[in-house]
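Numbering (the numbering used here), first residue to last: 12 to 190. This report concerns only the one structure given below.
Structural data, given as C-alpha cells:
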C-alpha cells in the first residue's frame, strides 16, 4: 500500500512539474524521461524543481504570469465552441443515448445538449426504479415537440429534468444551477 502511495504521489508531482509555468523545468523532465533515467533520479529532479517553483511562487512572479495568461482569455466570446479544448475523462465517457430538443419544453435553457444529457441521465439511472412513463412514447412525443400531447408536457419534462439535475456530474451544471 505504501508503494502505491509513493507512485501516486510521484505521478501527481510529475504532473505538477509538467504543468509548471516555467517550461524549462518540464523540458528538463522530458529529457530525463527520454534518457531512461531511474525513478530515483526522476524523484530527485521533481523534488528540486518543485522546491524552486514554490520559492518563485512567494515572489509573486507566478501569480503575475498567470494573471497575464488570464487576461488573454476572451471571456466574452459568446457561445462555447462545439468541442471543448480540454477533454477530461467525464467528457470522453459522456454518451447521450437520447437526443431531444429543449424547446418548447423548458424555458430554463435552450441547450439541446444539456436537456438531452439530463433526459439520458434520468432514463439511465432513475427510470429503472421509477418507471412512471413509457420511455419510448415519452421520447417520441418529446422529439415531436407537441406541447398538447397526452404523453409529454412541459411540466413533466421540467420535473424529469429537475430530478436528473440532482445526480449530474457535469461541473458546469453544479456552478450554474443558482443562476
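All C-beta atoms in this analysis are idealised placements derived from N, C-alpha and C, irrespective of residue type, glycine included. The model shown is predicted, which means the values in this text are computed figures rather than measured ones.
Sequence-distant residues of the same chain with beta carbon closer than 6 angstroms to residue i, five excluded per side
{"i": "residue 26", "result": "none"}
{"i": "residue 171", "result": "133"}
Test item: CB-CB of residue i and residue j under 9 angstroms
{"i": "residue 56", "j": "residue 48", "result": "yes"}
Spatial neighbours of residue i in its chain, beta-carbon cut-off 8 angstroms, leaving aside the 5 residues before and after
{"i": "residue 53", "result": "21, 25, 40, 43 and 44"}
{"i": "residue 160", "result": "152"}
Between the CA atoms of residue j and residue i - distance to the nearest angstrom
{"i": "residue 157", "j": "residue 140", "result": "27 angstroms"}
{"i": "residue 117", "j": "residue 165", "result": "6 angstroms"}
{"i": "residue 163", "j": "residue 155", "result": "10 angstroms"}
{"i": "residue 29", "j": "residue 146", "result": "47 angstroms"}
{"i": "residue 18", "j": "residue 34", "result": "24 angstroms"}
{"i": "residue 175", "j": "residue 131", "result": "9 angstroms"}
{"i": "residue 46", "j": "residue 15", "result": "24 angstroms"}
{"i": "residue 125", "j": "residue 143", "result": "22 angstroms"}
{"i": "residue 37", "j": "residue 51", "result": "17 angstroms"}
{"i": "residue 107", "j": "residue 127", "result": "7 angstroms"}
Chain-order list of residues whose beta-carbon lies under 7 angstroms from that of residue i (same chain, five-residue window excluded)
{"i": "residue 114", "result": "121"}
{"i": "residue 168", "result": "116, 117 and 153"}
{"i": "residue 150", "result": "109 and 111"}
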